[in-house]
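The working numbering numbers the first residue of the sequence shown as 136 and each following residue consecutively. In what follows, a single structure is set out as structure tokens and then discussed.
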Amino acid sequence: MDLPRIVAHWVDTGWMLEMEGLESAYVGRLNGAVETGRRLMQAAQVPGAEHGVQLQVDLGSELNERVKAATQATVDAHKAQLQAAAELRRTAAALRGHGLTGRDIAEVLGVSPQRVSQLLAKQPRETPTP
């Protein structure tokens, strides 16, 4: 079952909340929109409101697209950071495998010796073959 939806529109100094079948409501801050909308819906006995509500912020097409792009850029940056960290761990392990010391690895990678210890500790350990 889909949760009832609240659509919040910015107007002058606050947010106008639109809820299907109910009069619009005004809140000064967006962080109060869900609770206000949920209470109004529960009072009006909107089906599903007792389980929660969905908040959709509508800032107009231009700002909605900018928010979407900025959010996606943040997600992409996080994924890139995870990939870079994994590559850094693999590279540190490869350098160690070639006989470099922790301090030498730190110099080569431009990180602290403590970071090298962390990177190497996170590598899966190979079990020796008998």
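Glycine residues also receive a C-beta, built at the ideal position from the N, C-alpha and C atoms.
DSSP beta-bridge partners of residue i
i, result
"Asp-193", "His-144"
"Ala-208", "Partner(s): none; Ala-208 has no beta bridge."
"Ala-241", "Beta-bridge pairing links Ala-241 to no other residue."
"Val-162", "Trp-150"
Minimum C-alpha distance to residue i - residue among the options
i, options, result
"His-186", "Gly-195, Gly-172 and Leu-223", "Gly-172"
"Leu-138", "Leu-190, Val-162 and Met-151", "Leu-190"
"Val-246", "Ala-227, Met-154 and His-233", "Ala-227"
"Met-133", "Trp-145, Ser-159 and Lys-214", "With the chain covering only 136 through 265, there is no way to say anything about residue 133."
"Ala-179", "Gln-249, Val-251, Met-154 and Ala-168", "Met-154"
"Ala-184", "Val-202, Arg-140 and Met-151", "Arg-140"
"Leu-165", "Val-181, Leu-157, Val-146 and Gly-156", "Val-146"
Enclosing alpha helix (DSSP H) for residue i [first to last residue]
i, result
"Glu-170", "168-178"
"Ala-184", "Per DSSP, Ala-184 belongs to no alpha helix (DSSP H) and is neither H nor E."
Beta strand (DSSP E) segment containing residue i, residue limits
i, result
"Glu-153", "149-154"
"Val-246", "First-last for Val-246: undefined, no H or E at that position."
Sufficient close CB pairs (3 or more, under 8 Å) joining the stretch 208-222 to the stretch 180-197: The answer is no - the stretch 180-197 does not touch the stretch 208-222, with fewer than three Cβ pairs under 8 Å.
Three or more C-beta pairs below 8 Å linking the stretch 230-249 and the stretch 203-211: no
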